[in-house]
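So the sequence shown is residues -16 to 396, counted in the numbering used here.
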Amino acid sequence: MLRNWVENFCCCYCLEWPSWPRIVIGKWVDLRSDFIAVADGEEEEEGRRLREVRTTSPGVFPVFKIPLPEIHLQSSNFINELRICVGTWNVGGIFPPDDLEIMEWLDSDEPSDVYVLGFQEIVALNVKNVLGSEDTRPVKKWESIICRMLENELPFSKSNSETHNALVSEEIFSESDAQNHDSWEIPGFIRITSKQMMGIFLSIWVRQSLRGHISNVELSTVGVGIMGFVGNKGSVSVSMSIYQTQFCFVCSHLTSGEEIGDQLRRNVDVQEILRRTQFNVSHGISIPRTILDHERIIWLGDLNYRINFSGNEIYQLISTKNWSKLAEMDQLKQELKENHTFEGWEEGVLNFAPTYKYKLNSENYEIAKRFPAWCDRVLSFGNGMKLLSYKRSELCLSDHRPVTAIFSIEVEH
C-alpha cells in the first residue's frame, strides 16, 4: 500500500513538474533502467554491444540479467581452493585523491584470486544525491585507483586457481551500469562487475585465469532507507558461479543510531534485504533466486551496530586494548549469539580497535559526536569457507577505518 501511494504521489509530481528528471522518480519508486555489457567472440571485437535489461518483477529492485550461452557442466568431485579478499570501507562522501594508496587495505602480503570491494557513502548522503540524478564520478575514480593498485602491485603473481581441468570455456564480461564507463581489463586481473546504488558501491575483480570459469552473474539492489525503500540505506548484491559453486556477495549500509533499540532496526534491515533481494532466473540455467539459496555467501558493509557500554567504559577498554571484553558488549555479537539476526552466520574475532568514529585525517576518535564502535564488518555463511585473517587498515581518508577479511574457499569443478 505504501509503495502504491508513493508511486501515485510521484506520478502526480511528474505531471505537474515535467522538468523533473525521470531518474529522480526512478530512484524514489525503484523503476530505473540499468545497463550491463556482455562480450563474447565477435561482439568483443565490435566494441561490446550494450543491452538494456528492465526488471518488471513487482516489489523488487531492478536486477541485471546477463544473457549467456547455456553451459553444460560435467559432474565431478574435483575441489579447488580460492583465496578471496573482501574489503569494506565507508569513505564518508569524500572524493579520493589521485595518489591514494590502498594496498594495505587489499592485503598485498599474498595476492588473492578474487577481490570483493564494497564501499559506503561514495557520495555524500545529502538531499541532492538522494533525490537527484546519480553521481557516478566517484565510481570512476575508485575503479581507477583499484585498477592502478592491482596493475602495479599484483600483475604476475601465481594464481591459486590455475588448473588444467577447465570445465567452462565461455568468457563473460560485465560492466558497471553507469553510462559511458570504460572497460577495466588489466594484465592479471579483470573487473567482473560493478554496481552503484546512491552511496553504496560494490566492485568485483578476478584473475584473468578465472575469467572463463565465471558465469551466471546477476545483480540486485534493495533500498531500506527513507520510507523503507529509498537507497540511502540498503544493499547491492551480486550472484555468480565460480566453476560449479554458487556465490553471493552482499554489500550493505544499515540504519545508524546509538539509541536503545536502534539495533532492532538494523535487524529489520537485514531481514528486509534477505526477503527482497531476488535475482533473475534465466531459462534453461539453474541459478539461485535469493541470497540464502547460494552455497557460499559473504556479507560486508557498514552494518552500524554499536557497543552497549558507556563512553567512559569504551575508552578505558580501548586504552588497554582489551578487545575481547569490549566485544562482549558489541551489539552484533550479542544479536548473533541470541539468533536475533544473521542466524547461522559466522564472523571472525574482533581483535582490532573499533573502526568508527575518527576525526578526519587523524588517529584520534571524534569523542564529542559518537562513541567508538565496530560499524564495519564482514560475515560469512556456508560450508567450505575458512577465514584466514580479519583486520582493519589505518587509512585515514574518512571517519571510518577500512576492514579486510581474507578467505580460503572451496569451489567444485
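We put the CB at the ideal spot given by N, CA and C, even for glycine.
Taking W72 and I129 to be in contact with their CB atoms under 8 Å, please state how far apart those CB atoms are, rounded to whole angstroms. Working through the sequence shown from its first residue, we reach residue 72 at position 89. Working through the sequence shown from its first residue, we reach residue 129 at position 146. No, W72 and I129 are not in contact; Cβ-Cβ is about 12 Å, not under 8 Å.
CB of V264 within 8 Å of CB of R258, strictly: For the purposes of this step, residue 264 is taken as the residue at position 281 of the sequence shown. For the purposes of this step, residue 258 is taken as the residue at position 275 of the sequence shown. No, these two residues do not count as a Cβ contact at 8 Å.
Start and end residues, beta strand (DSSP E) containing Y373: The residue you call residue 373 lines up with position 390 of the sequence shown. Per DSSP, Y373 belongs to the beta strand (DSSP E) from M368 to R375.
What's the C-alpha gap between E29 and M132? Locating residue 29 in the sequence shown gives position 46, where the first residue counts as 1. Locating residue 132 in the sequence shown gives position 149, where the first residue counts as 1. At E29, the pLDDT of 33 sits below 50, so the modelled position is not reliable; the number obtained from the coordinates is stated separately. Cα to Cα, the separation comes out at about 29 Å.
C-beta atoms of L185 and C234 nearer than 8 Å: Residue numbering aside, residue 185 sits at position 202 when the sequence shown is read from its first letter. Residue numbering aside, residue 234 sits at position 251 when the sequence shown is read from its first letter. Against a cut-off of 8 Å, the Cβ pair of C234 and L185 comes out as a contact.
Put S302 into one of helix, strand or coil per three-state DSSP. On the sequence shown, residue 302 is found 319 positions in, with the first residue counted as 1. Three-state DSSP puts S302 in a helix.
Rounded to whole angstroms, what's the CA-CA distance from S218 to G294? Just pull it up for me. What you label residue 218 is simply residue 235 of the sequence shown in a count that begins at 1. What you label residue 294 is simply residue 311 of the sequence shown in a count that begins at 1. Between S218 and G294, the C-alpha separation is close to 30 Å.
Go ahead and label L89 buried or exposed: buried means 16 or more other beta carbons lie within 10 angstroms of its beta carbon, across all protein chains shown. Here residue 89 is taken as the residue at index 106 of the sequence shown, counted from 1. Answer is buried; the Cβ neighbour count reaches 16.
Give me the Cα-Cα distance between S376 and D92, rounded to the nearest whole angstrom. Here the question's residue 376 lines up with position 393 in the sequence shown. Here the question's residue 92 lines up with position 109 in the sequence shown. Using only the alpha carbons, I get a separation of about 13 Å.
Identified DSSP bridge partners for T71: Locating residue 71 in the sequence shown gives position 88, counting from the first residue. DSSP, once it has assigned bridges, lists G101 and V386 as partnering T71.
If we ignore side chains and look at the alpha-carbon of each, how far apart do S364 and G240 end up? Taking the first residue of the sequence shown as 1, we reach residue 364 at position 381. Taking the first residue of the sequence shown as 1, we reach residue 240 at position 257. This sequence places Phe at residue 364; Ser is not what is there. Straight-line Cα distance between these residues: approximately 26 Å.
In whole angstroms, what is the alpha-carbon distance linking M86 and F232? Taking the first residue of the sequence shown as 1, we reach residue 86 at position 103. Taking the first residue of the sequence shown as 1, we reach residue 232 at position 249. M86 and F232: Cα-Cα distance of roughly 21 Å.
In chain order, what residues of the same chain lie with their CB nearer than 7 Å to the CB of E393, ignoring the 5 residues before and after it? To locate residue 393, count along the sequence shown from 1; it is residue 410. Hits under 7 Å: I62, E64 and G367.
Tell whether a beta-carbon distance below 8 Å holds between V106 and P121. Looking up residue 106 in the sequence shown gives position 123. Looking up residue 121 in the sequence shown gives position 138. The answer is yes: Cβ separation under 8 Å.
Just how far apart, CA to CA, sit E349 and Y341? The residue you call residue 349 lines up with position 366 of the sequence shown. The residue you call residue 341 lines up with position 358 of the sequence shown. When rounded, the distance between both Cα atoms is 5 Å.
Would you report the Cα separation of L83 and Q261, rounded to the nearest angstrom? As a first step, residue 83 must be located in the sequence shown, where it is residue number 100. As a first step, residue 261 must be located in the sequence shown, where it is residue number 278. So the two alpha carbons sit approximately 35 Å from each other.
According to DSSP, which residues form a beta bridge with L185? Working through the sequence shown from its first residue, we reach residue 185 at position 202. Looking at the DSSP assignment, L185 forms a beta bridge with G101 and K178.
V69 and T303 closer than 8 Å at C-beta: Position 86 of the sequence shown, counted from the start, is the residue given in the question as residue 69. Position 320 of the sequence shown, counted from the start, is the residue given in the question as residue 303. Result no, Cβ atoms of V69 and T303 do not sit closer than 8 Å.
Have a look at L108 and V221 and give me their C-alpha separation to the nearest angstrom. Reading the sequence shown from its first residue, position 125 is the one you call residue 108. Reading the sequence shown from its first residue, position 238 is the one you call residue 221. So the alpha carbons of these two residues sit roughly 23 Å apart.
According to DSSP, is Q229 part of a helix, a strand, or is it coil? For the purposes of this step, residue 229 is identified with residue 246 of the sequence shown, where counting begins at 1. If DSSP states are grouped into helix, strand and coil, Q229 belongs with the strands.
Have a look at F390, L380, E395 and S391 and flag the residue whose alpha-carbon is nearest the alpha-carbon of I102. Translated into positions along the sequence shown, residue 102 becomes position 119. A small correction: the amino acid at residue 102 is Phe; Ile does not occupy that position in the sequence shown. Selected option, being the one with the closest Cα: L380.
DSSP three-state assignment for F236, whether helix, strand or coil: Your numbering for residue 236 matches position 253 in the sequence shown. Correcting the residue identity first, residue 236 is His in this sequence and not Phe. Correct three-state label for H236: strand.
Could you give the uninterrupted runs of the beta strand (DSSP E) lying entirely in the segment 185 to 211, keeping only those of 3 residues or more? 197 to 206
Evaluate D81 with the Cβ neighbour count: other Cβ atoms within 10 Å of its Cβ, from every protein chain shown; 16 or more gives buried, anything less gives exposed. Against the sequence shown, residue 81 aligns to sequence position 98. That one is exposed.
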